[in-house]
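Participant: In this text, residue positions in the sequence shown follow my numbering: the first is 6, and each later residue adds one. Got a structure for you, written out below as structure tokens; questions coming shortly.
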Amino acid sequence: MIYLDNAATSFPKPAAVARAMADALTQCGANPGRAGHRMALAAGRLVEGCREELAEYLGERDASRVIFALNTTDALNMAIHGVVRSGDHVVTTLIEHNSVLRPLSELSRSGVITLTLVPPDAKGMVDATEVERVMTARTKLVVMTHMSNVLGLEQDVAAVGALCRRRGVCFLVDCAQTAGHLPLRPREWGASMVAMPGHKGLLGPHGTGVLWVREGVRIAPMRQGGTGSASESMFQPRMMPDMLESGTLNLPGIAGLRAGLREARAQECQAHAVEVALCDHMREELLGMPGVRVYTQKGASLLSFNVEGIASQEVAAALDEREIAVRGGLHCAPGAHRFLGTLQNGAVRVSPGLYNTMRDADALVAAVAKMTR
Ligand SMILES: Cc1ncc(COP(=O)(O)O)c(C=O)c1O
């Protein structure tokens, strides 16, 4: 099988990830941060080691600002629900994933917040001046993707971050498509919080994610419960990371994430360059095919297209028959498809990863060429 669906989750995972997960279960299986016995302490060291390496990747000196989550969606929900209060205004963009649009739309529908969606420019880029134009005195939070999972272009989050810092507005960046693909520097962008998956570019297992919270950000816990600390109190501790991490952590997942992160960092988190080269090549080839409509631009790290007269899901199914895994449909990002004019039928998304080669790209091109004949 040729796997070209890395925007959903990366595959294959490095062998070290599976090994680290098995070791965590068999050799280090206690509950981290709870008891004082040596097994629990070893589990705690594993968790804190991973936290420190993630902090290093994010350019953060204080590892306690790194919170383990279930996935990007969970991290985004923690951030959104932790920061907004009744009467706040929130700004986001049309090209966000449903993991941003749905929690914000629900808060808006129930009258807790007012919400403004900023459309991108003709090239799919979010313009900071447009974000500033819709801000009001009540704007509490701006949420923006670092890269849309349909358009594949790196957004200028630093421009929006500078604006948010100037106006004292909280800035949450969704790094679902860039964590591990690119070096991330949220402090330099002026971000307040970053949500990212462990299971995509960081090469970790499913069910892992991370929320980074800059010092000084006022955030309330979305969940409360046992933290193994301040147990005499009926109330959630206020110290980080305990405040935002209740209940037993995903120890095998965190062990796997640490191994994946090491692998991604050994490649200097430069998967993006590999992906862009492959997508540019496939794009050039598909642009020359009659009946094929390409939506993504040169320099994008994924490729969205349609074959005239065939539904995107059918094209994906036909490629699956040829042992090529891609994803058709709307990719949980209806606004991005509205922008492309593909809301009705979606598009075929080809998303290569660190381990794909030109041969894989050529196999995709040849398979699409056969469909157009
Ligand atoms: C831009 C973007 N945000 C958020 C998500 C949600 O990620 P997760 O599956 O880790 O919750 C995705 C998933 O594809 C995404 O592409």
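Note that CB positions come from ideal geometry on N, CA and C, so glycine has one too.
Let me know if residue 90 comes out buried or exposed under the rule of 16 or more other beta-carbons within 10 Å of its beta-carbon.
Facilitator: Here the question's residue 90 lines up with position 85 in the sequence shown. Result: exposed.
Participant: Could you spell out where the beta strand (DSSP E) holding residue 315 opens and where it closes?
Facilitator: Residue numbering aside, residue 315 sits at position 310 when the sequence shown is read from its first letter. Looking at the DSSP string, residue 315 is not in any beta strand (DSSP E), and its letter there is neither H nor E.
Participant: Got a sec, what are the start and stop residues for the alpha helix (DSSP H) residue 24 sits in?
Facilitator: Working through the sequence shown from its first residue, we reach residue 24 at position 19. Residues 20-32.
Participant: At 3 residues or longer, what runs of the beta strand (DSSP E) sit wholly inside the segment 301-377?
Facilitator: For the segment 301-377, whole beta strand (DSSP E) runs of length 3 or above, ordered along the chain, are 308-312 and 353-355.
Participant: By Cβ distance below 8 Å, which residues in the same chain neighbour residue 70 in space, the five residues on each side in sequence not counted?
Facilitator: The residue labelled residue 70 in the question sits at position 65 within the sequence shown. Closer than 8 Å at Cβ, skipping near neighbours: 60, 217, 218, 219, 220, 245 and 246.
Participant: Can you tell me whether residue 139 is buried or exposed? The criterion is at least 16 other CB atoms within 10 Å of its CB, across all chains shown.
Facilitator: The sequence position of residue 139 within the sequence shown is 134, counting from 1. Exposed: under 16 other Cβ atoms inside 10 Å.
Participant: Could you tell me whether the segment 337-356 touches the segment 296-316, where touching means 3 or more Cβ pairs closer than 8 Å?
Facilitator: Result yes; three or more Cβ-Cβ pairs closer than 8 Å.
Participant: Check whether the Cβ atoms of residue 10 and residue 332 sit closer than 7 Å, and answer yes or no.
Facilitator: Within the sequence shown, residue 10 is the residue found at index 5, counting from 1. Within the sequence shown, residue 332 is the residue found at index 327, counting from 1. In contact: residue 10 and residue 332 (Cβ atoms closer than 7 Å).
Participant: For residue 112, I'd like the list of residues in its chain whose CB is within less than 7 Å of its CB, leaving aside the five on either flank, ordered along the chain.
Facilitator: By one-based count along the sequence shown, residue 112 stands at place 107. Answer for residue 112: 89 and 118, listed in chain order.
Participant: Please identify the residue among 371, 372, 201 and 121 whose C-alpha is closest to the C-alpha of residue 188.
Facilitator: Here residue 188 refers to the residue found at position 183 when the sequence shown is read from its first residue. The shortest Cα separation from residue 188 among 371, 372, 201 and 121 belongs to 201.
Participant: Looking at residue 174: is its Cβ nearer than 7 Å to the Cβ of residue 150?
Facilitator: The residue labelled residue 174 in the question sits at position 169 within the sequence shown. The residue labelled residue 150 in the question sits at position 145 within the sequence shown. Cβ atoms of residue 174 and residue 150: not closer than 7 Å.
Participant: Rank 55, 327, 360 and 341 by C-alpha distance to the C-alpha of residue 275 and give the top, closest one.
Facilitator: Locating residue 275 in the sequence shown gives position 270, where the first residue counts as 1. Taking only the C-alpha atoms, the option nearest residue 275 is 360.
Participant: Can you give the beta carbon distance from residue 208 to residue 135, rounded, assuming they're within the 8 Å contact cut?
Facilitator: Walking along the sequence shown from the start, residue 208 turns up at place 203. Walking along the sequence shown from the start, residue 135 turns up at place 130. About 35 Å; that fails the 8 Å criterion.
Participant: With distances taken from CA atoms, which of 343, 195, 329 and 186 is nearest residue 273?
Facilitator: Here residue 273 is taken as the residue at index 268 of the sequence shown, counted from 1. For the residues 343, 195, 329 and 186, the minimum Cα distance to residue 273 belongs to 186.
Participant: Going straight from the alpha carbon of residue 182 to that of residue 351, what length do you get?
Facilitator: To locate residue 182, count along the sequence shown from 1; it is residue 177. To locate residue 351, count along the sequence shown from 1; it is residue 346. In a straight line, the C-alpha of residue 182 is about 19 Å away from that of residue 351.
Participant: With a threshold of 16 other CB atoms inside 10 Å of the CB of residue 362, please say whether the residue is buried or exposed.
Facilitator: As a first step, residue 362 must be located in the sequence shown, where it is residue number 357. When all chains shown are included, residue 362 counts as exposed.
Participant: Looking only at its own chain, which residues have a Cβ that is under 8 Å from the Cβ of residue 401, when we skip the five neighbours before and after it?
Facilitator: The structure shown does not extend to residue 401, since the chain spans only 6 to 378, so no value can be given for it.
Participant: Between the beta-carbon of residue 203 and the beta-carbon of residue 167, is there less than 7 Å?
Facilitator: Position 198 of the sequence shown, counted from the first residue, corresponds to residue 203. Position 162 of the sequence shown, counted from the first residue, corresponds to residue 167. Their beta carbons are not under 7 Å apart, which means residue 203 does not touch residue 167 by this criterion.
Participant: With a Cβ-Cβ cutoff of 7 Å, do residue 184 and residue 212 count as a contact?
Facilitator: By 1-based counting over the sequence shown, the position of residue 184 is 179. By 1-based counting over the sequence shown, the position of residue 212 is 207. No.
Participant: Helix, strand or coil: how does DSSP classify residue 253 here?
Facilitator: Reading the sequence shown from its first residue, position 248 is the one you call residue 253. Coil, per DSSP.
Participant: Report yes if the C-beta distance between residue 121 and residue 96 is below 7 Å; otherwise report no.
Facilitator: Along the sequence shown, read from residue 1 onward, the residue named residue 121 stands at position 116. Along the sequence shown, read from residue 1 onward, the residue named residue 96 stands at position 91. Yes; because the gap between Cβ atoms is below 7 Å, this pair is in contact.
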